[in-house]
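The next block holds one structure in the form of C-alpha coordinates; read it before the comments.
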Amino acid sequence: MPALEIEGVTKVYPNLRKALDGVSFSCHEGVFGLLGPNGAGKSTLMRILAGSLDFESGRVSLDGQHDVRRHPAEWRRRLGFMPQSFDFVPHLTALEYLDQCALLGGFAPRALRPRMMELLERVNLTDAAHRRGADFSRGMKQRLAAAAAFLCDPLLVLLDEPTAGLDPRERILFRELVTDLSRGRVVLLSTHIVPDVERCCEQVAVIREGRLLFHGRAEQLARRAEGNVWECAVDEQTAAALEQERRLVRLRPSGGAAIARAVGEVSPLPEAKPVEPTLEDGYVLLVNAAATPPEALSP
(Lines of atoms letter the chains of each structure in order from A and count residues from 1; the text may use other names and numbers.)
(Lines give C-alpha, C1' and ligand atoms only; values in the text may rest on other atoms or scores of the structure.)
Protein backbone atom coordinates (compact mmCIF):
# COMPACT_ATOMS: atom_id res chain seq x y z
CA MET A 1 0.00 0.00 0.00
CA PRO A 2 1.56 3.35 -1.04
CA ALA A 3 2.51 5.76 1.74
CA LEU A 4 3.77 9.34 1.83
CA GLU A 5 5.90 10.21 4.87
CA ILE A 6 6.52 13.87 5.82
CA GLU A 7 8.98 14.12 8.70
CA GLY A 8 9.92 17.36 10.46
CA VAL A 9 9.77 19.56 7.37
CA THR A 10 10.86 23.15 8.01
CA LYS A 11 10.93 25.93 5.43
CA VAL A 12 12.29 29.43 6.12
CA TYR A 13 12.00 32.16 3.50
CA PRO A 14 14.73 34.81 2.94
CA ASN A 15 12.80 37.33 5.07
CA LEU A 16 13.24 34.82 7.95
CA ARG A 17 9.53 34.00 7.98
CA LYS A 18 9.09 30.36 8.92
CA ALA A 19 6.51 29.07 6.44
CA LEU A 20 6.66 25.51 7.82
CA ASP A 21 7.83 24.60 11.30
CA GLY A 22 8.67 20.91 11.77
CA VAL A 23 5.57 19.53 10.03
CA SER A 24 5.21 15.74 10.28
CA PHE A 25 2.41 13.43 9.17
CA SER A 26 1.84 10.41 6.93
CA CYS A 27 -0.69 9.65 4.18
CA HIS A 28 -1.75 6.24 2.90
CA GLU A 29 -3.81 5.00 -0.04
CA GLY A 30 -6.91 7.11 -0.67
CA VAL A 31 -7.75 10.80 -0.45
CA PHE A 32 -6.09 12.71 2.39
CA GLY A 33 -7.22 16.25 3.26
CA LEU A 34 -4.82 19.08 4.06
CA LEU A 35 -6.80 21.91 5.64
CA GLY A 36 -5.75 25.37 6.73
CA PRO A 37 -6.68 29.03 6.28
CA ASN A 38 -5.09 31.11 3.55
CA GLY A 39 -1.43 31.70 4.40
CA ALA A 40 -1.19 28.60 6.59
CA GLY A 41 1.66 27.07 4.54
CA LYS A 42 -0.38 24.61 2.48
CA SER A 43 0.89 25.74 -0.92
CA THR A 44 4.48 25.88 0.39
CA LEU A 45 4.18 22.26 1.49
CA MET A 46 2.61 21.25 -1.83
CA ARG A 47 5.49 22.85 -3.76
CA ILE A 48 7.98 20.97 -1.59
CA LEU A 49 6.14 17.71 -2.27
CA ALA A 50 6.11 18.53 -5.99
CA GLY A 51 9.90 18.87 -5.90
CA SER A 52 9.85 22.52 -7.00
CA LEU A 53 10.85 24.08 -3.66
CA ASP A 54 13.73 23.14 -1.38
CA PHE A 55 13.48 23.14 2.43
CA GLU A 56 15.85 23.64 5.34
CA SER A 57 15.35 20.41 7.28
CA GLY A 58 13.26 17.28 7.43
CA ARG A 59 12.55 14.41 5.05
CA VAL A 60 9.89 13.54 2.49
CA SER A 61 9.67 9.97 1.18
CA LEU A 62 7.29 7.80 -0.82
CA ASP A 63 6.90 4.09 -0.18
CA GLY A 64 9.84 4.23 2.22
CA GLN A 65 12.39 4.28 -0.58
CA HIS A 66 11.96 7.31 -2.85
CA ASP A 67 13.17 10.60 -1.34
CA VAL A 68 12.16 13.92 -2.90
CA ARG A 69 15.69 15.27 -2.42
CA ARG A 70 17.82 12.19 -3.05
CA HIS A 71 15.82 10.72 -5.94
CA PRO A 72 14.24 13.70 -7.77
CA ALA A 73 13.92 11.97 -11.16
CA GLU A 74 12.24 8.88 -9.66
CA TRP A 75 10.03 11.15 -7.58
CA ARG A 76 8.77 13.08 -10.60
CA ARG A 77 7.97 9.86 -12.47
CA ARG A 78 5.63 8.83 -9.66
CA LEU A 79 4.01 12.24 -9.25
CA GLY A 80 0.85 13.88 -10.60
CA PHE A 81 0.40 17.54 -9.67
CA MET A 82 -2.47 19.99 -10.10
CA PRO A 83 -1.12 23.40 -9.02
CA GLN A 84 -3.26 26.16 -7.57
CA SER A 85 -2.40 28.44 -10.49
CA PHE A 86 -2.78 26.64 -13.81
CA ASP A 87 -1.34 28.34 -16.90
CA PHE A 88 -2.67 26.54 -19.96
CA VAL A 89 -0.91 27.25 -23.27
CA PRO A 90 -3.71 28.97 -25.25
CA HIS A 91 -2.83 27.62 -28.71
CA LEU A 92 -2.96 23.94 -27.64
CA THR A 93 -6.12 21.86 -27.73
CA ALA A 94 -7.06 19.77 -24.71
CA LEU A 95 -5.73 16.60 -26.37
CA GLU A 96 -2.52 18.32 -27.46
CA TYR A 97 -1.96 19.45 -23.89
CA LEU A 98 -2.43 15.92 -22.58
CA ASP A 99 -0.04 14.68 -25.29
CA GLN A 100 2.60 17.04 -23.89
CA CYS A 101 1.92 15.77 -20.36
CA ALA A 102 2.36 12.18 -21.55
CA LEU A 103 5.71 13.01 -23.16
CA LEU A 104 6.91 14.74 -20.00
CA GLY A 105 5.90 11.63 -18.05
CA GLY A 106 7.99 9.42 -20.36
CA PHE A 107 5.06 7.89 -22.28
CA ALA A 108 4.18 7.83 -25.95
CA PRO A 109 0.99 9.91 -26.37
CA ARG A 110 -0.58 7.29 -28.63
CA ALA A 111 -0.23 4.65 -25.90
CA LEU A 112 -2.19 6.83 -23.47
CA ARG A 113 -4.87 8.02 -25.91
CA PRO A 114 -7.61 5.70 -24.52
CA ARG A 115 -6.89 6.96 -20.99
CA MET A 116 -6.92 10.56 -22.22
CA MET A 117 -10.38 10.13 -23.70
CA GLU A 118 -11.61 8.38 -20.55
CA LEU A 119 -10.35 11.19 -18.34
CA LEU A 120 -11.75 13.90 -20.61
CA GLU A 121 -15.12 12.19 -20.37
CA ARG A 122 -14.83 11.99 -16.57
CA VAL A 123 -14.13 15.73 -16.30
CA ASN A 124 -16.88 16.55 -18.82
CA LEU A 125 -14.52 17.83 -21.54
CA THR A 126 -15.10 15.27 -24.32
CA ASP A 127 -16.73 17.89 -26.56
CA ALA A 128 -13.78 20.21 -25.94
CA ALA A 129 -11.05 17.68 -26.79
CA HIS A 130 -10.14 19.52 -30.01
CA ARG A 131 -10.84 23.06 -28.82
CA ARG A 132 -7.96 25.41 -28.11
CA GLY A 133 -7.25 26.61 -24.60
CA ALA A 134 -7.89 30.24 -25.53
CA ASP A 135 -11.59 29.36 -25.58
CA PHE A 136 -11.61 27.62 -22.19
CA SER A 137 -13.27 29.07 -19.10
CA ARG A 138 -11.45 28.93 -15.77
CA GLY A 139 -13.53 25.95 -14.70
CA MET A 140 -12.67 24.06 -17.90
CA LYS A 141 -8.97 24.71 -17.33
CA GLN A 142 -9.29 23.40 -13.77
CA ARG A 143 -10.92 20.21 -15.00
CA LEU A 144 -8.26 19.70 -17.66
CA ALA A 145 -5.55 20.18 -15.03
CA ALA A 146 -7.21 17.46 -12.92
CA ALA A 147 -7.22 15.06 -15.90
CA ALA A 148 -3.52 15.78 -16.50
CA ALA A 149 -2.67 15.08 -12.84
CA PHE A 150 -4.01 11.50 -13.10
CA LEU A 151 -2.91 10.81 -16.69
CA CYS A 152 0.35 8.87 -16.22
CA ASP A 153 -0.96 6.57 -13.46
CA PRO A 154 1.03 8.29 -10.68
CA LEU A 155 1.56 6.83 -7.22
CA LEU A 156 1.21 10.27 -5.59
CA VAL A 157 -1.23 12.97 -6.74
CA LEU A 158 -1.13 16.51 -5.34
CA LEU A 159 -4.25 18.65 -5.74
CA ASP A 160 -3.78 22.27 -4.63
CA GLU A 161 -7.13 24.09 -4.18
CA PRO A 162 -8.57 21.97 -7.01
CA THR A 163 -12.19 23.18 -6.93
CA ALA A 164 -11.38 26.88 -7.37
CA GLY A 165 -13.44 28.18 -10.29
CA LEU A 166 -15.85 25.23 -10.35
CA ASP A 167 -19.58 25.67 -9.93
CA PRO A 168 -21.41 23.54 -7.28
CA ARG A 169 -22.32 20.78 -9.77
CA GLU A 170 -18.75 20.59 -11.08
CA ARG A 171 -17.42 20.41 -7.52
CA ILE A 172 -19.60 17.38 -6.79
CA LEU A 173 -18.45 15.64 -9.98
CA PHE A 174 -14.83 16.50 -9.20
CA ARG A 175 -15.04 14.97 -5.72
CA GLU A 176 -16.56 11.79 -7.19
CA LEU A 177 -13.76 11.64 -9.77
CA VAL A 178 -11.01 12.05 -7.17
CA THR A 179 -12.51 9.41 -4.89
CA ASP A 180 -12.80 6.93 -7.76
CA LEU A 181 -9.26 7.54 -9.07
CA SER A 182 -7.63 7.38 -5.63
CA ARG A 183 -7.56 3.58 -5.55
CA GLY A 184 -4.00 2.30 -5.43
CA ARG A 185 -2.45 5.73 -4.94
CA VAL A 186 -2.08 8.55 -2.41
CA VAL A 187 -4.08 11.69 -3.22
CA LEU A 188 -3.29 14.77 -1.13
CA LEU A 189 -6.08 17.35 -1.40
CA SER A 190 -5.03 20.79 -0.12
CA THR A 191 -7.85 23.28 0.41
CA HIS A 192 -9.51 25.78 2.73
CA ILE A 193 -12.95 24.54 1.60
CA VAL A 194 -14.00 22.15 4.36
CA PRO A 195 -16.94 20.48 2.48
CA ASP A 196 -14.48 19.20 -0.15
CA VAL A 197 -12.57 17.36 2.58
CA GLU A 198 -15.68 16.34 4.50
CA ARG A 199 -17.12 14.47 1.52
CA CYS A 200 -14.11 12.53 0.24
CA CYS A 201 -11.41 12.32 2.94
CA GLU A 202 -11.24 9.90 5.86
CA GLN A 203 -7.94 11.32 7.11
CA VAL A 204 -7.05 14.98 7.54
CA ALA A 205 -4.21 17.22 8.69
CA VAL A 206 -4.70 20.84 9.77
CA ILE A 207 -1.94 23.43 9.65
CA ARG A 208 -1.94 27.06 10.69
CA GLU A 209 0.91 29.52 10.37
CA GLY A 210 3.18 26.68 9.33
CA ARG A 211 2.54 24.41 12.32
CA LEU A 212 0.63 21.16 12.55
CA LEU A 213 -2.47 21.42 14.71
CA PHE A 214 -4.11 18.06 14.01
CA HIS A 215 -3.53 14.78 12.19
CA GLY A 216 -6.08 12.00 12.31
CA ARG A 217 -9.49 10.82 11.17
CA ALA A 218 -12.02 13.41 10.05
CA GLU A 219 -14.61 12.28 12.59
CA GLN A 220 -12.05 12.70 15.39
CA LEU A 221 -11.62 16.34 14.44
CA ALA A 222 -15.40 16.79 14.39
CA ARG A 223 -15.71 15.25 17.86
CA ARG A 224 -13.33 17.85 19.27
CA ALA A 225 -16.21 20.32 18.98
CA GLU A 226 -18.71 18.11 20.83
CA GLY A 227 -20.68 20.20 23.33
CA ASN A 228 -19.30 23.41 21.84
CA VAL A 229 -21.55 23.97 18.81
CA TRP A 230 -24.67 26.16 18.96
CA GLU A 231 -27.44 27.41 16.70
CA CYS A 232 -29.75 30.37 17.25
CA ALA A 233 -31.63 33.11 15.40
CA VAL A 234 -29.59 36.33 15.31
CA ASP A 235 -29.84 39.88 14.06
CA GLU A 236 -27.17 41.51 11.92
CA GLN A 237 -25.39 43.10 14.89
CA THR A 238 -25.13 39.82 16.82
CA ALA A 239 -23.89 37.99 13.75
CA ALA A 240 -21.19 40.63 13.26
CA ALA A 241 -20.15 40.29 16.91
CA LEU A 242 -19.86 36.50 16.61
CA GLU A 243 -17.75 36.90 13.50
CA GLN A 244 -15.53 39.43 15.24
CA GLU A 245 -15.05 36.96 18.10
CA ARG A 246 -14.14 34.26 15.52
CA ARG A 247 -16.98 32.05 16.76
CA LEU A 248 -19.22 32.16 13.69
CA VAL A 249 -19.13 29.05 11.50
CA ARG A 250 -21.88 30.07 9.07
CA LEU A 251 -25.18 31.91 8.64
CA ARG A 252 -28.20 30.50 6.87
CA PRO A 253 -31.54 32.17 6.06
CA SER A 254 -34.67 30.76 7.66
CA GLY A 255 -38.12 32.31 7.18
CA GLY A 256 -36.89 35.88 6.93
CA ALA A 257 -34.43 35.48 9.81
CA ALA A 258 -30.80 34.35 10.00
CA ILE A 259 -29.71 31.24 11.89
CA ALA A 260 -26.15 31.41 13.19
CA ARG A 261 -24.02 28.36 13.78
CA ALA A 262 -21.31 29.23 16.30
CA VAL A 263 -18.64 27.44 18.30
CA GLY A 264 -17.36 28.00 21.82
CA GLU A 265 -17.57 26.62 25.33
CA VAL A 266 -20.22 29.23 26.25
CA SER A 267 -23.59 29.59 24.53
CA PRO A 268 -23.64 32.76 22.37
CA LEU A 269 -27.21 33.61 23.43
CA PRO A 270 -29.53 32.29 26.18
CA GLU A 271 -31.88 30.83 23.57
CA ALA A 272 -29.14 29.06 21.59
CA LYS A 273 -29.46 25.28 21.31
CA PRO A 274 -26.57 22.76 21.23
CA VAL A 275 -26.23 20.79 17.98
CA GLU A 276 -24.17 17.86 16.73
CA PRO A 277 -20.70 18.87 15.54
CA THR A 278 -19.41 18.54 11.99
CA LEU A 279 -15.89 18.54 10.58
CA GLU A 280 -16.24 22.23 9.81
CA ASP A 281 -17.14 22.97 13.45
CA GLY A 282 -14.09 21.08 14.70
CA TYR A 283 -11.88 22.81 12.17
CA VAL A 284 -13.10 26.33 13.01
CA LEU A 285 -12.81 25.70 16.75
CA LEU A 286 -9.28 24.34 16.32
CA VAL A 287 -7.78 27.06 14.13
CA ASN A 288 -9.43 29.87 16.10
CA ALA A 289 -8.66 28.47 19.55
CA ALA A 290 -5.90 31.00 20.21
CA ALA A 291 -3.96 33.77 18.53
CA THR A 292 -0.81 31.69 18.89
CA PRO A 293 -1.09 28.18 17.41
CA PRO A 294 -0.77 25.39 19.98
CA GLU A 295 1.73 22.57 19.75
CA ALA A 296 0.73 19.79 17.38
CA LEU A 297 -2.15 17.82 18.82
CA SER A 298 -2.71 14.09 18.50
CA PRO A 299 -6.24 12.78 17.88
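Residue numbers (the working numbering): 723 to 1021. All C-beta atoms in this analysis are idealised placements derived from N, C-alpha and C, irrespective of residue type, glycine included. No experiment lies behind these values; they were computed from the predicted model shown.
message: Which complete beta strand (DSSP E) runs does the segment 793 to 878 hold, if anything under 3 residues is left out?
response: Given a length threshold of 3 residues, each whole run of the beta strand (DSSP E) inside the segment 793 to 878 is given here in chain order: 801 to 804.
task: Quick one: give me the first and last residue of the alpha helix (DSSP H) that G1004 is part of.
output: Against the sequence shown, residue 1004 aligns to sequence position 282. Where G1004 is concerned, the enclosing alpha helix (DSSP H) stretches over L1001 to V1009.
message: Check this for me: beta carbons of T1008 and R946, under 9 angstroms apart or not?
response: For the purposes of this step, residue 1008 is taken as the residue at position 286 of the sequence shown. For the purposes of this step, residue 946 is taken as the residue at position 224 of the sequence shown. The residue asked about is misnamed: residue 1008 is Leu in this sequence, not Thr. Yes; because the gap between Cβ atoms is below 9 angstroms, this pair is in contact.
query: Are V879 and L903 close, meaning C-beta to C-beta below 9 angstroms?
result: Start at 1 with the first residue of the sequence shown, and residue 879 comes out as number 157. Start at 1 with the first residue of the sequence shown, and residue 903 comes out as number 181. Contact: yes.
task: Can you grab the Cα-Cα spacing for the pair F896 / F747, in whole Å?
output: One-based indexing of the sequence shown puts residue 896 at position 174. One-based indexing of the sequence shown puts residue 747 at position 25. Across the structure, F896 and F747 are spaced so that their CA atoms are roughly 25 angstroms apart.
message: Within 10 Å of its beta-carbon, does K709 have 16 or more other beta-carbons around it, so buried, or fewer, so exposed?
response: In this structure the chain extends from 723 to 1021, so residue 709 is not present and cannot be described.
- prompt: Cα-Cα, which of G949, D918, L738 and R799 is closest to L756?
  reply: Stepping through the sequence shown from its first residue, residue 756 is reached at position 34. Out of G949, D918, L738 and R799, the CA that lies nearest to the CA of L756 is found in D918.
task: Buried or exposed for M804, please, with buried defined as at least 16 other CB atoms from any protein chain shown within 10 angstroms of its CB.
output: In the sequence shown, the residue the question calls residue 804 occupies position 82. By the Cβ-count criterion, M804 is buried, with 16 or more other Cβ atoms from all chains shown falling within 10 Å of its own Cβ.
- prompt: Straight-line CA distance for R835 to Q966?
  reply: Residue 835 sits at position 113 when you count from the first residue of the sequence shown. Residue 966 sits at position 244 when you count from the first residue of the sequence shown. When rounded, the distance between both Cα atoms is 53 angstroms.
- request: Check whether the Cβ atoms of G827 and R860 lie closer than 9 angstroms to each other.
  value: Your numbering for residue 827 matches position 105 in the sequence shown. Your numbering for residue 860 matches position 138 in the sequence shown. Contact: no.
The segment 961 to 975 / the segment 929 to 939 touching (three or more Cβ pairs under 8 angstroms): The segment 961 to 975, when compared against the segment 929 to 939, does not touch it at the 8 angstroms Cβ threshold.
field: Assigned exposure category for R792 - 16 Cβ within 10 Å defines buried
entry: Start at 1 with the first residue of the sequence shown, and residue 792 comes out as number 70. Within a 10 Å sphere around the beta-carbon of R792 sit fewer than 16 other beta-carbons, which makes this residue exposed.
- prompt: In terms of DSSP beta bridges, what is T732 paired with?
  reply: Position 10 of the sequence shown, counted from the first residue, corresponds to residue 732. Residue pairing by DSSP places T732 opposite S779 in a beta bridge.
- request: Flag this pair as touching only if the segment 986 to 999 and the segment 951 to 962 have three or more C-beta atom pairs under 8 angstroms; answer yes or no.
  value: Yes: the two stretches touch, three or more of their Cβ pairs being nearer than 8 angstroms.
Reference F858, options C823, P812, L841 and Q942, closest by Cα: In the sequence shown, the residue the question calls residue 858 occupies position 136. Comparing alpha carbon positions, the residue from C823, P812, L841 and Q942 closest to F858 is P812.
query: Sorted by chain position, which residues of the same chain lie with C-beta nearer than 6 angstroms to K740's C-beta, five sequence neighbours on each side aside?
result: The residue you call residue 740 lines up with position 18 of the sequence shown. Counting only Cβ-Cβ distances below 6 angstroms, and skipping sequence neighbours, we find V734 and G932.
Environment of L801 [buried if 16+ CB atoms lie within 10 Å]: Within the sequence shown, numbered from 1, the residue matching residue 801 stands at position 79. Looking at its Cβ environment, which holds 16 or more other Cβ atoms inside 10 Å, L801 is buried.
Proximity winner among A984, E941, Q942 and L825, relative to L962 (alpha-carbon distances): Stepping through the sequence shown from its first residue, residue 962 is reached at position 240. One point to set straight first is that residue 962 is Ala, not Leu, in the sequence displayed. Out of A984, E941, Q942 and L825, A984 has the C-alpha closest to the C-alpha of A962.
task: Sort E941, I770, Y1005 and Y819 by Cα distance to G855 and report the nearest one.
output: Taking the sequence shown and counting its residues from 1, one reaches residue 855 at position 133. Residue Y819 is the option with its Cα nearest to G855.
task: Verify whether the separation of the beta carbon atoms of Q864 and F777 is less than 9 angstroms.
output: Taking the first residue of the sequence shown as position 1, residue 864 is located at position 142. Taking the first residue of the sequence shown as position 1, residue 777 is located at position 55. Contact flag unset, no.
message: DSSP three-state label for V997, please.
response: The residue you call residue 997 lines up with position 275 of the sequence shown. In the displayed model, V997 falls within coil according to three-state DSSP, outside both helix and strand.
P992 in three-state terms, based on DSSP: Your numbering for residue 992 matches position 270 in the sequence shown. DSSP places P992 outside both helix and strand once states are collapsed to three, so it counts as coil.
- request: Measure the alpha-carbon distance for T988 versus D957 and round it to whole angstroms.
  value: Numbered from its first residue, the sequence shown carries residue 988 at position 266. Numbered from its first residue, the sequence shown carries residue 957 at position 235. Note that residue 988 corresponds to Val in the displayed sequence, not to Thr. When rounded, the distance between both Cα atoms is 19 angstroms.
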